[in-house]
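Peer 1:
Residue numbers (the working numbering): 21 to 245.
(1) Ordered along the chain, which non-local residues of its own chain (more than five positions away) have a Cβ less than 6 angstroms from that of residue 37?
(2) Spatial neighbours of residue 170 within its chain, please: CB distance less than 6 angstroms, with the 5 preceding and 5 following residues excluded, ordered by chain position.
(3) Taking the beta carbon of residue 189 as the centre, do at least 16 other beta carbons fall within 10 Å, making it buried, or is it exposed?
(4) Quick check on the DSSP output: the alpha helix (DSSP H) that includes residue 171 runs from which residue to which?
(5) Within the continuous alpha helix (DSSP H) that includes residue 42, where are the two ends?
(6) Between which two residues does the alpha helix (DSSP H) containing residue 229 stretch?
(7) Suppose contacts are defined by Cβ-Cβ distances below 8 angstroms. Is residue 231 in contact with residue 185 by that definition?
(8) Could you tell me the alpha carbon to alpha carbon distance between residue 125 and residue 22, rounded to whole angstroms?
(9) For the region 81-95 against the region 103-118, are there 3 or more C-beta pairs whose distance is under 8 angstroms?
(10) Assuming contact is defined by CB atoms lying nearer than 8 angstroms, are residue 224 and residue 211 in contact in what I supplied?
(11) Ends of the alpha helix (DSSP H) at residue 61?
(12) Does the region 28-43 touch the region 96-110, meaning 3 or more C-beta pairs lie closer than 8 angstroms?
(13) Could you tell me whether the Cβ atoms of residue 96 and residue 47 are closer together than 8 angstroms?
(14) Enumerate in chain order the residues of its own chain whose CB-to-CB distance from residue 138 is below 7 angstroms, with the five nearest sequence positions on each side excluded.
(15) Please report the straight-line C-alpha distance between residue 82 and residue 113, rounded to a whole angstrom.
(16) With a CB to CB cut of under 6 angstroms and the five nearest residues on each side skipped, what residues in its chain are close to residue 130?
(17) Is the CB-CB distance between residue 208 and residue 180 below 8 angstroms?
(18) Name the one or two DSSP bridge partners that residue 125 has.
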């Protein structure tokens, strides 16, 4: 049995895409551009502001206009990061089950702390999550192992007895580098690269309920009827 479960935030623990897309549309409108649908940019949400700018404007970080657009997007998002964001179906029940089983859980995300902490609070998890490691907590974010190792050290749990759940290939790379088991949230954003089945995870699951099933939680109550 695992002693700890760590979750990515965007696309794994919570569906943040609606607020990310809404913020992007405010930026697009300010530039005289047409809005985008949430589903159009959903695959890029796990890449944060960089993914949003690349998806909407087709610009890479090397483009001279990229930094200003990124900063403007982040300013807009800071005022709109907890409007429509919700836990994925069944996730709250899974967290209840982990707590009932005495399994520590926390969040490891590349989202900067000034964004991640308010989102966690909005979701009502501020006092429940036993650790929050953000994109600026460690010197190197995912795909490096540093954030996951930092979280395990904080919890006092060995990486080999911990599970990481994420929806991006970088999540799998980070978990493997940390010596952790890793499950891909197949219901998440997944990006536009190779299919998740090729990332080398221990499993790809389609729901919060399936995470509990894969873990072998007795009387798993994460199922969403």
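Virtual Cβ for every residue (Gly too), placed ideally from N, Cα, C.
Peer 2: Result, derived from the coordinates:
(1) For the purposes of this step, residue 37 is identified with residue 17 of the chain shown, where counting begins at 1. Excluding residues within five positions, the ones whose Cβ falls inside 6 angstroms are 58, 62 and 65.
(2) In the chain shown, counting from the first residue as 1, residue 170 sits at position 150. Answer for residue 170: 153 and 158, listed in chain order.
(3) Here the question's residue 189 lines up with position 169 in the chain shown. Flag for residue 189 reads buried.
(4) Counting from 1 along the chain shown, the entry for residue 171 is found at position 151. Its alpha helix (DSSP H) spans residues 166-175.
(5) On the chain shown, residue 42 is found 22 positions in, with the first residue counted as 1. Counting along the chain, the alpha helix (DSSP H) containing residue 42 begins and ends at 37-50.
(6) The residue labelled residue 229 in the question sits at position 209 within the chain shown. Its alpha helix (DSSP H) spans residues 228-235.
(7) For this step, residue 231 is matched to residue 211 along the chain shown. For this step, residue 185 is matched to residue 165 along the chain shown. Between residue 231 and residue 185, the C-beta spacing is below 8 angstroms.
(8) As a working mapping, residue 125 is identified with position 105 in the chain shown. As a working mapping, residue 22 is identified with position 2 in the chain shown. Cα to Cα, residue 125 sits roughly 10 angstroms from residue 22.
(9) no
(10) Here residue 224 refers to the residue found at position 204 of the chain shown. Here residue 211 refers to the residue found at position 191 of the chain shown. No. Outside cutoff.
(11) Residue numbering aside, residue 61 sits at position 41 when the chain shown is read from its first letter. Residue 61 -> alpha helix (DSSP H) spans 58-61.
(12) The region 96-110 is in contact with the region 28-43.
(13) Looking up residue 96 in the chain shown gives position 76. Looking up residue 47 in the chain shown gives position 27. Cβ atoms of residue 96 and residue 47: closer than 8 angstroms.
(14) Position 118 of the chain shown holds residue 138. Once the five neighbours on either side are set aside, the close Cβ partners of residue 138 are 101 and 102.
(15) Position 62 of the chain shown, counted from the first residue, corresponds to residue 82. Position 93 of the chain shown, counted from the first residue, corresponds to residue 113. For residue 82 and residue 113, the distance between alpha carbons rounds to 43 angstroms.
(16) What you label residue 130 is simply residue 110 of the chain shown in a count that begins at 1. Setting aside the 5 residues that flank it on each side, residue 130 is surrounded in the same chain by 155, 161 and 162, each with a C-beta closer than 6 angstroms to its C-beta; the list follows chain order.
(17) Looking up residue 208 in the chain shown gives position 188. Looking up residue 180 in the chain shown gives position 160. Contact check for residue 208 against residue 180 fails: the beta carbons are separated by 8 angstroms or more.
(18) The residue given as residue 125 occupies position 105 in the chain shown. The secondary-structure analysis by DSSP pairs residue 125 across a beta bridge with 25.
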